[in-house]
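First up is the structure itself, then whatever we jot down about it.
Number of protein chains: 2
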Amino acid sequence: MADSKPVLYSYWRSSCSWRVRIALALKKVEYEYKAVHLVKDGGEQHKEGYKTINPMGQVPAFEFDGKNFTQSMAIMELLEEYYQNCCKILPSDPFERAKVREICEVINSGTQPIQNLSVMKKHSSDQAERNEWSRFWIEKGLRGVEAKLEKHSGKYCVGDTITMADCCLIPQVYNANRFAVSMEHFHNINRIVACLEKHEAFIAAHPDSQPDAQ
Amino acid sequence: MADSKPVLYSYWRSSCSWRVRIALALKKVEYEYKAVHLVKDGGEQHKEGYKTINPMGQVPAFEFDGKNFTQSMAIMELLEEYYQNCCKILPSDPFERAKVREICEVINSGTQPIQNLSVMKKHSSDQAERNEWSRFWIEKGLRGVEAKLEKHSGKYCVGDTITMADCCLIPQVYNANRFAVSMEHFHNINRIVACLEKHEAFIAAHPDSQPDAQ
């Protein structure tokens, strides 16, 4: 076990930080929360101090056993490997694990990076165009997720146990709501989200429950 | 073992297909190559036949043991878990594994999805603007990769053994060259790429070696 408490560098509304917060809460890992304000003064993530932790200038970063880790998928996989005995977030069967990672990646690489703040800002200076951009990519991504859920979901995204895929789904749906994506046709997503929202780990990890929430 | 030969749905120039081709070549897995032309007639990936294999309309897809898998990271992780004894592409230490997945994700989620064809096309109808867009995101991503390599690389991206990170690096550098990204400051990337390019698995997986190469 690590000597000191791990540290999560997070921003309350960052969906990638949120995924890791859910995984940490599911596994009941105690950690120190360090807020990195993504908007104030042009963004604390771009300051030199934080750049030594993550040169990409993004959250989350996870300080663990004296080492820094970045990228939410890499951090969740690390948590799963390190805290093997507390609440598995990947199934034991390799095919099922692949199904979980597929859904994660439809969100993690296929949706979130394109709709995020920095990309939206680079795309256009016009707010209406930015919103249309993000809405378009989120809707496309969630259609992909819904198609996979139609095949593989149980009570949760893959089967009846909470996995990394559920950790990725909840923040993406929050973004969908922020950008007024019509959710009416996403029956499986809506069903699973309604279920996850009641779970204590998901309540604890919600942006509004974070110390830097506004 | 699977009864029949696995099938890879691929496009010669698709960087995500290319990653999987490298992993398959490293592990010496025999497979059937099915070309999906991403450009001809508006893109074969959008046709109904392919949409049943991958509703997202993207390559690669991997047919294995009667099941379809998508998302290059999920497929590479599956290959690593299934073909455990042939050429590991993840280190055994969890911290080192996290370092590999970090580099993968800087490319897989932080770079490639933003610079890819469909996003570039949605951003602008002007070719010069499209090129500037892709160049900008590739350069940003490779700066992130270079910073990580500065810390963790050996002969390859993480240590002296080829990993998934190397499978992701090569196609991204190919894209960088396509978009005339200046590579002169990426000393570690250049060094590692020069080394990988001579490796037989990387030669076999190169776009120009594929049956649908143009």
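Listed in order, the protein sequences are those of chains R and Z. Its first residue numbered 3, the first sequence is counted upward by one per residue in my numbering. Its first residue numbered 3, the second sequence is counted upward by one per residue in my numbering. Virtual Cβ for every residue (Gly too), placed ideally from N, Cα, C.
What did DSSP end up calling residue i once you bin it into helix, strand or coil?
i                : result
GLY161 (chain R) : strand
GLU34 (chain Z)  : strand
PHE71 (chain R)  : strand
HIS201 (chain R) : coil
ALA196 (chain Z) : helix
PHE188 (chain R) : coil
ALA206 (chain Z) : helix
PRO173 (chain R) : helix
LYS124 (chain Z) : helix
LYS90 (chain R)  : coil
ALA52 (chain R)  : The sequence given here has Tyr at residue 52 (chain R), not Ala. Reduced to three states, the DSSP call for TYR52 (chain R) is helix.
VAL22 (chain R)  : helix
ASP168 (chain R) : helix
SER226 (chain R) : Since the first residue shown for chain R is 3 and the last is 216, residue 226 (chain R) is missing from the structure and cannot be characterised.
LEU40 (chain Z)  : coil
TYR84 (chain Z)  : helix
MET58 (chain R)  : coil
SER16 (chain Z)  : coil
GLN47 (chain Z)  : helix
Start and end of the alpha helix (DSSP H) containing residue i?
i                : result
LEU144 (chain R) : 129-154
GLU65 (chain Z)  : Segment 63-66 is the beta strand (DSSP E) holding GLU65 (chain Z); no alpha helix (DSSP H) there.
ALA182 (chain R) : Premise fails: ALA182 (chain R) is in no alpha helix (DSSP H) and is neither H nor E.
GLN114 (chain R) : 114-117
LEU108 (chain R) : It should be noted that the sequence gives Val, not Leu, for residue 108 (chain R). First-last of the alpha helix (DSSP H) with VAL108 (chain R): 96-110.
How far does the beta strand (DSSP E) with residue i in it extend, from its first residue to its last?
i               : result
SER12 (chain Z) : 9-12
Nearest to residue i by alpha carbon, out of the options?
i                : options                                   : result
ASP67 (chain Z)  : Z:VAL9, Z:ALA100, Z:MET75 and Z:GLN174    : Z:VAL9
CYS18 (chain Z)  : Z:HIS189, Z:ILE191, Z:MET166 and Z:ARG132 : Z:MET166
GLU83 (chain R)  : R:THR163, R:LYS142, R:ARG145 and R:LEU26  : R:LEU26
LYS30 (chain Z)  : Z:PRO213, Z:GLU202 and Z:HIS208           : Z:GLU202
LYS101 (chain Z) : R:LYS123, R:ASN70, R:ALA100 and R:ILE91   : R:ASN70
LYS142 (chain R) : R:LYS123, R:LEU151 and R:ILE109           : R:ILE109
GLU34 (chain Z)  : Z:SER6, Z:CYS159, Z:GLY44 and Z:GLU199    : Z:SER6
ARG21 (chain Z)  : Z:GLN47, Z:GLU98, Z:PRO96 and Z:ILE91     : Z:ILE91
LYS24 (chain Z)  : Z:PRO173, Z:ILE194 and Z:ASN192           : Lys is not the amino acid found at residue 24 (chain Z); the sequence shown has Ile there. Per the Cα distances, Z:PRO173.
ILE191 (chain R) : R:VAL160, R:PRO213 and R:PHE181           : R:VAL160
HIS154 (chain R) : R:PRO213, R:ALA37 and R:ARG103            : R:ARG103
ALA196 (chain R) : R:VAL175, R:ARG180 and R:PRO213           : R:VAL175
ALA37 (chain R)  : R:GLY44, R:ALA207, R:VAL61 and R:ASP128   : R:VAL61
GLU46 (chain R)  : R:ILE77, R:GLU65 and R:TYR11              : R:TYR11
SER16 (chain Z)  : Z:ILE164, Z:ALA130 and Z:GLN114           : Z:GLN114
HIS189 (chain Z) : Z:CYS89, Z:TYR158, Z:PRO213 and Z:ILE164  : Z:TYR158
Who are the near neighbours of residue i in its chain, counting only those whose CB is closer than 6 Å to its CB and skipping five residues on each side?
i                : result
THR72 (chain R)  : ASN56 and ALA63
CYS272 (chain Z) : Residue 272 (chain Z) is absent from the structure shown; chain Z starts at 3 and stops at 216.
GLN117 (chain Z) : SER136, TRP139 and ILE140
MET75 (chain Z)  : ASN110
For residue i and residue j, I'd like the C-alpha separation in whole angstroms.
i                : j                : result
ALA149 (chain Z) : TYR85 (chain Z)  : 31 Å
SER94 (chain R)  : LEU80 (chain Z)  : 12 Å
ARG145 (chain R) : MET58 (chain Z)  : 8 Å
LYS49 (chain R)  : MET122 (chain R) : 21 Å
THR54 (chain Z)  : LEU151 (chain R) : 14 Å
LEU119 (chain Z) : GLU32 (chain Z)  : 29 Å
VAL183 (chain R) : LYS124 (chain R) : 21 Å
ASP43 (chain Z)  : SER127 (chain R) : 34 Å
ARG132 (chain Z) : PHE181 (chain Z) : 10 Å
ILE77 (chain Z)  : CYS89 (chain R)  : 24 Å
GLU98 (chain Z)  : PRO96 (chain R)  : 21 Å
Near residue i, which residues of its chain fall below 8 Å by C-beta distance, leaving aside the five closest residues on each side in sequence?
i                : result
HIS2 (chain R)   : Nothing in the structure corresponds to residue 2 (chain R), since chain R is present only between 3 and 216.
ILE205 (chain Z) : GLU199 and SER211
ASP162 (chain R) : GLY156
Excluding five sequence neighbours on each side, which residues of the same chain lie with their C-beta closer than 7 Å to the C-beta of residue i?
i                : result
ALA215 (chain Z) : TRP14 and PRO209
ALA178 (chain R) : ILE140, LEU144 and MET185
LEU28 (chain R)  : CYS89, ILE91, ILE164 and ALA203
ALA207 (chain Z) : TRP20, ARG23, ILE24 and ALA27
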